[in-house]
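Visitor: One structure coming up, written as structure tokens, with questions to follow.
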Amino acid sequence: MRPKQWVKNVLLFAGLLFTQDQQHAPLHWVKAIAAFFLFCFLSGLTYYVNDLLDVEADRQHPKKRFRPIASGRLPLGVARVMAGLGIPALLVAARLLEYDLSGWPAWKFFTAASLYLVVTLCYSFVLKHLVIVDVLVLASLFVIRAVAGAFVINVPISEWLLLCTLLLALFLGLSKRRGELVALGSASPTRAILKEYSLPMLEQMITIVASACVMSYTLYTFFSKSQNGQSRPYLMATIPFVIYGLFRYLYLSHKKGMGEAPEATLVEDKALLVNILLWALVALIVLRL
């Protein structure tokens with residue numbers, strides 16, 4: 000279930016973080032945490048499906064051949080049963096999570112969780128074989144996480160949140176593809192899609208997306224308003240953290256060869272982790288002013 004990948008689901012707290020000017024009941028925090036764990040298990044079970052489909056290719060990969068399904072430590076039948084029973088159970092839980100003291104609201108969080116599942120399965124079966132589309136689809140999954148986090152606590156979704164999330168996800172996805180190519184070196188790719196990419200092309204894409212990401216986040220801090228319509232100029236204090244984070248990630252990717260696994264890089268590099276925590280702390284303080 001790749002728990003190292005679960006760090007991606009922290010995005011479900013974005014809606015809670017960026018609406019700190021509102022009065023959140025304790026139930027909102029409980030539901031946000033529950034939604035986080037639900038997406039962790041849902042994404043984990045979709046990895047079962049992905050690894051079942053890629054089992055033969057993974058067995059030819061120098062690292063992926065050690066995965067439980069590819070190595071034979073997890074029998075294929077057990078993996079199929081876990082995915083077949085676990086995924087429907089989690090969708091039921093997603094609907095139950097929407098209940099609050101006022102009753103049953105619209106099926107928003109359930110729809111977001113279902114869309115995440117559908118998009119992930121489409122990626123595993125077809126879309127991961129389409130150049131550029133594969134990275135765009137992976138980025139869309141990050142956006143769905145952010146949307147789901149807003150839906151579960153019933154807060155408005157900022158278009159800036161969606162745009163910044165999409166661009167950051169594209170940056171990480173393209174950097175991952177670059178890292179995979181660098182790790183392969185002169186060896187033949189075990190994944191056909193990697194043959195469609197080249198380092199110069201990916202580096203140009205990364206430059207474009209990183210620039211757009213900084214600009215979008217900067218504009219967000221310029222125009223962000225509280226629930227009562229007041230501007231929040233002090234949010235601009237978080238811009239240096241975003242710039243440093245992107246630059247630090249590029250440094251780790253180019254000089255340390257850590258771009259192949261974004262989820263590991265984000266939590267294993269102390270400077271990057273401290274930067275993310277400081278960004279969250281400053282944003283929380285500013286938004287509560």
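Mapped onto numbering that gives the first Met the number 0, the consecutive letters of the sequence shown carry residue numbers 0 to 288.
Even for Gly, the Cβ is constructed at its ideal location relative to N, Cα and C.
As the structure is a prediction and not an experimental result, all values here were calculated from the model.
Identify, in the order they occur along the chain, each residue of the same chain with its Cβ nearer than 6 Å to the Cβ of residue 249, setting aside the five sequence neighbours on each side.
Guide: Residue numbering aside, residue 249 sits at position 250 when the sequence shown is read from its first letter. None.
Visitor: In the DSSP assignment, what residue or residues form a beta bridge with residue 197?
Guide: Residue mapping note: residue 197 aligns to position 198 of the sequence shown, counting from 1. Residue 197 is not bridged to any residue.
Visitor: Name the residue from 64, 220, 118 whose alpha carbon lies nearest to the alpha carbon of residue 157.
Guide: Looking up residue 157 in the sequence shown gives position 158. Comparing Cα positions, the closest option is 220.
Visitor: Which class does residue 133 belong to by DSSP, given the choice of helix, strand or coil?
Guide: Locating residue 133 in the sequence shown gives position 134, counting from the first residue. Residue 133: helix per DSSP, three-state reduction.
Visitor: Per DSSP, which residues does residue 230 bridge with? Please list them.
Guide: For the purposes of this step, residue 230 is identified with residue 231 of the sequence shown, where counting begins at 1. Bridge partners of residue 230: 224.
Visitor: In the DSSP assignment, find the unbroken alpha helix (DSSP H) run with residue 47 in it and report its ends.
Guide: Walking along the sequence shown from the start, residue 47 turns up at place 48. Where residue 47 is concerned, the enclosing alpha helix (DSSP H) stretches over 25-52.
Visitor: Would the region 105-120 and the region 139-148 be scored as touching if the rule is three or more Cβ pairs under 8 Å?
Guide: Counting Cβ pairs under 8 Å, three or more are found: they touch.
Visitor: Can you say whether residue 205 is buried or exposed, counting buried as having 16 or more other CB atoms within 10 angstroms of its CB?
Guide: Counted from its first residue, the sequence shown places residue 205 at position 206. That one is buried.
Visitor: So what's residue 268 in DSSP terms, helix, strand or just coil?
Guide: Mapped onto the sequence shown, residue 268 falls at position 269. In the structure shown, residue 268 sits in coil (DSSP, three-state: anything other than H, G, I, E or B).
Visitor: To which residues of the same chain is residue 213 closer than 7 Å at the C-beta, ignoring the five residues directly before and after it?
Guide: As a position in the sequence shown, residue 213 is number 214, starting the count at 1. Counting only Cβ-Cβ distances below 7 Å, and skipping sequence neighbours, we find 241, 242, 245.
Visitor: Determine the direct distance from the alpha carbon of residue 127 to that of residue 287, and round the result to whole angstroms.
Guide: In the sequence shown, counting from the first residue as 1, residue 287 sits at position 288. In the sequence shown, counting from the first residue as 1, residue 127 sits at position 128. Cα to Cα, residue 287 sits roughly 41 Å from residue 127.
Visitor: Just the C-alpha distance for residue 194 and residue 188, rounded to the nearest angstrom, thanks.
Guide: Walking along the sequence shown from the start, residue 194 turns up at place 195. Walking along the sequence shown from the start, residue 188 turns up at place 189. Cα to Cα, residue 194 sits roughly 7 Å from residue 188.
Visitor: Residues in its own chain within less than 7 Å of residue 166 by CB, not counting five upstream and five downstream?
Guide: Sequence index remark: in the sequence shown, residue 166 carries index 167 (1-based). Answer for residue 166: 208, 211, 212, 215, listed in chain order.
Visitor: Let me make sure I understand the geometry here. Which of 231, 42, 135 has the alpha-carbon closest to that of residue 284?
Guide: Your numbering for residue 284 matches position 285 in the sequence shown. The candidate whose alpha carbon is nearest that of residue 284 is 231.
Visitor: What separation, rounded to the nearest whole angstrom, lies between the Cα atoms of residue 122 and residue 15?
Guide: Stepping through the sequence shown from its first residue, residue 122 is reached at position 123. Stepping through the sequence shown from its first residue, residue 15 is reached at position 16. Answer to the nearest angstrom: the Cα atoms are 28 Å apart.
Visitor: On a Cα-Cα basis, can you pick out the residue from 176, 118, 89 that is closest to residue 130?
Guide: One-based indexing of the sequence shown puts residue 130 at position 131. Cα-wise, what sits closest to residue 130 is 176.
Visitor: For residue 27, does the count of other Cβ atoms within 10 angstroms reach 16, so buried, or fall short, so exposed?
Guide: As a working mapping, residue 27 is identified with position 28 in the sequence shown. Buried: at least 16 other Cβ atoms inside 10 Å.
Visitor: Does the beta-carbon distance from residue 69 to residue 47 come in below 8 Å?
Guide: Reading the sequence shown from its first residue, position 70 is the one you call residue 69. Reading the sequence shown from its first residue, position 48 is the one you call residue 47. Cβ distance not < 8 Å, so residue 69 and residue 47 don't count as in contact.
Visitor: Output the distance between the C-alpha atoms of residue 238 and residue 217, rounded to the nearest integer angstrom.
Guide: For the purposes of this step, residue 238 is identified with residue 239 of the sequence shown, where counting begins at 1. For the purposes of this step, residue 217 is identified with residue 218 of the sequence shown, where counting begins at 1. Each residue's alpha carbon lies about 6 Å from the other.
Visitor: So which of 89, 13, 124 has the shortest CA-CA distance to residue 161?
Guide: Counting from 1 along the sequence shown, the entry for residue 161 is found at position 162. Of the listed residues, the one whose Cα sits closest to residue 161 is 13.
Visitor: Classify residue 267 as buried or exposed, calling it buried when 16 or more other Cβ atoms lie within 10 Å of its own Cβ.
Guide: Numbered from its first residue, the sequence shown carries residue 267 at position 268. Residue 267 is exposed by the Cβ-count criterion.
Visitor: From the DSSP output, in three-state form, read off residue 99 for me.
Guide: Position 100 of the sequence shown, counting from 1, holds the residue named residue 99. In this structure, residue 99 counts as strand in the three-state DSSP scheme.
Visitor: When you compare only the Cα positions, how much space is there between residue 51 and residue 75?
Guide: What you label residue 51 is simply residue 52 of the sequence shown in a count that begins at 1. What you label residue 75 is simply residue 76 of the sequence shown in a count that begins at 1. Cα-Cα distance, rounded: 7 Å.
Visitor: Could you tell me the boundaries of the alpha helix (DSSP H) in which residue 119 lies?
Guide: On the sequence shown, position 120 is the one that residue 119 refers to. 107-124 is the span of the alpha helix (DSSP H), which, as asked, contains residue 119.
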